[in-house]
Every structure is written in C-alpha cells, then in structure tokens.
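Working notes, structure below.
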Amino acid sequence: SLAVLSYEKALLFITGCWLYSLVWTVPPLFGWNSYGLEGPGTTCSVQWNQHSPETRSCVICLFVFCLLLPLLLMVYCYGKILIAIHGVAKINQTAAQRWETHMLVMVVSMVSCYLLCWMPYGVMALLGTFSVGIVSPTASVVSSILAKSSTVLNPIIYVLFNNQFYRCFIALVRCGPEPPAHLTLHTEEGGAQQDFIPMGSYAATSPPDSPDKFRTQRASVQRGNKTLVLVVHCAS
10 SLAVLSYEKA LLFITGCWLY SLVWTVPPLF GWNSYGLEGP GTTCSVQWNQ
60 HSPETRSCVI CLFVFCLLLP LLLMVYCYGK ILIAIHGVAK INQTAAQRWE
110 THMLVMVVSM VSCYLLCWMP YGVMALLGTF SVGIVSPTAS VVSSILAKSS
160 TVLNPIIYVL FNNQFYRCFI ALVRCGPEPP AHLTLHTEEG GAQQDFIPMG
210 SYAATSPPDS PDKFRTQRAS VQRGNKTLVL VVHCAS
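So in this note's numbering, spot 152 of the sequence shown is number 161, and the numbers just go up one at a time.
This is the structure in structure tokens:
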C-alpha cells in the first residue's frame, strides 16, 4: 500500500542520513583529525584550531560535504516541491495559490535558518584552521551556540509551517488522534497515478461513523507527460 511504501521510503532515507553522518564522524577517532575542546574550552568538536595537513583536509571536507552539499540538496528538494505546486497553482485555484505561498515562506525560513546556524560556524572553522589567532573566544562561543541551536529551531519551523507536523504535535499534546488533513497534491505520470505529498499533507477521508463531512474539489494541469492533480478536501 501507499502508506507502507511511504514508511519504507522514509525509513530508508533516515537510515541513509545516519550512515552518512557516521562516515564523517568516525574518521577523527582513527587519526584523521581528532576531537577535543574548542573555543574557551566549554564545548567539544573536531580540532579546527590546529594547523596540520590532516586537520585542514578534514575541516575542508566537512565544510563541503556536511554543510554545502546538504544545503544544495535542501534547495534542490524544496525547489522541486515548489515547482510542482506552482504548476498546479496556475489553474488559479485559491487553495493551491495559498499553499504555494505557504510553502515558499517555509522554504525560505528553513534555508535561512540553516545558513544562520551553520554558516558562521563553518566559516569560523575554516578561518581557525588556516589562520592563527584570528578567531576570538567570543566568536567561537557565538558560532558554536548558533550551530547547536539548529536542533531547536527546526522543530519550531516545522510546527509553524508544516501541516502534518503541526497536527501530530497537537495530537501529542492532547494525547488524542491526529486531526484530518485538508490538502493533497497528486501526480499522474505514464497513466499510473502516484501520490505526491508536499511536506506532509495527505488525502483526508472521513470514516463511515464520523460526523464530519468533506466536500472534495479536484483540478488538474498538464505538464509534459505528467498531470498534476490538486485535491482539496473541505469540511462542510
């Protein structure tokens, strides 16, 4: 079923992320750079304040593959979602246009917070690796706090902008079932329909014994060999 496939795909991506992180966190334990105190000595990280060839090569690789590459991947994935939603919004459906604006604000917020949290730390590590005494203790502390705050900011952004994340958060707080969704975007390609789920929204159906009734509206637009279908479920 679609739910099983989506779960398996999500599990595959999560496993891949963990394996990718291990690739870059394990080498310092075996001699390629090392872990130690940074800045004023209150936090632990890779040793970017040393100036050996091993340290410089490690910091450069971390900057490219753990900061720039995820940034490019983030922009690419969010860009594909925005393009798909924009294709449906051309139908002049109010719900689609509103969802497009909502997604654009969320994408800008996610990318901006990522850059705000991690770019200062990455630049500081590069400067500290290739220069002596250029990074002050204050700059080290501030950039380190910004980097570690990303784990706090991301859930807040998702609660504010991601419909499914918000509904699951409310369900967790209330200790109750997840409220129904109201917007779904589908794609049909090569004659077979597939669900395209933009940042967590999915089709909502009212159970037989539910007092809630839904009015469904559908609209579609052709883009090459792909048909984008917008499905809006409105509670009545």
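By construction, the Cβ of each residue, glycine as well, lies at the ideal position given by its N, Cα and C atoms. Source: prediction; values computed, not measured.
Identify the continuous beta strand (DSSP E) that holds residue i and give its terminal residues.
i	result
S61	Careful: S61 lies outside any beta strand (DSSP E) and carries neither H nor E.
L46	44 to 47
Hey, could you find the ends of the alpha helix (DSSP H) residue i is sitting in?
i	result
C184	From DSSP, C184 is part of no alpha helix (DSSP H); its letter is neither H nor E.
Using the Cβ count rule (16 or more neighbours within 10 Å means buried), how would you classify residue i?
i	result
A19	exposed
G25	exposed
V55	buried
W27	exposed
Please name the residue in the options whose C-alpha comes closest to that of residue i.
i	options	result
E47	T138, I165, F174, P164	T138
Q106	V114, M115, V116, H95	H95
P164	V141, P146, S118, L135	S118
F72	W57, M83, A180	W57
L169	L135, W27, S159, M112	M112
V116	L136, H60, G88	G88
L77	Y16, C184, V141, Y130	Y130
F3	A180, L155, L31, L21	An answer regarding residue 3 cannot be provided, because it is not within the stretch 10 to 245 covered by the chain.
Using the C-alpha atoms, what's the distance from residue j back to residue i?
i	j	result
C122	Y167	12 Å
T147	M133	11 Å
L82	W127	15 Å
L91	V161	25 Å
Y44	G50	12 Å
A93	F39	45 Å
I23	E17	10 Å
C67	V35	12 Å
In chain order, which continuous runs of the alpha helix (DSSP H) of length 4 or greater are located wholly inside the region 96 to 162? 103 to 139, 146 to 157
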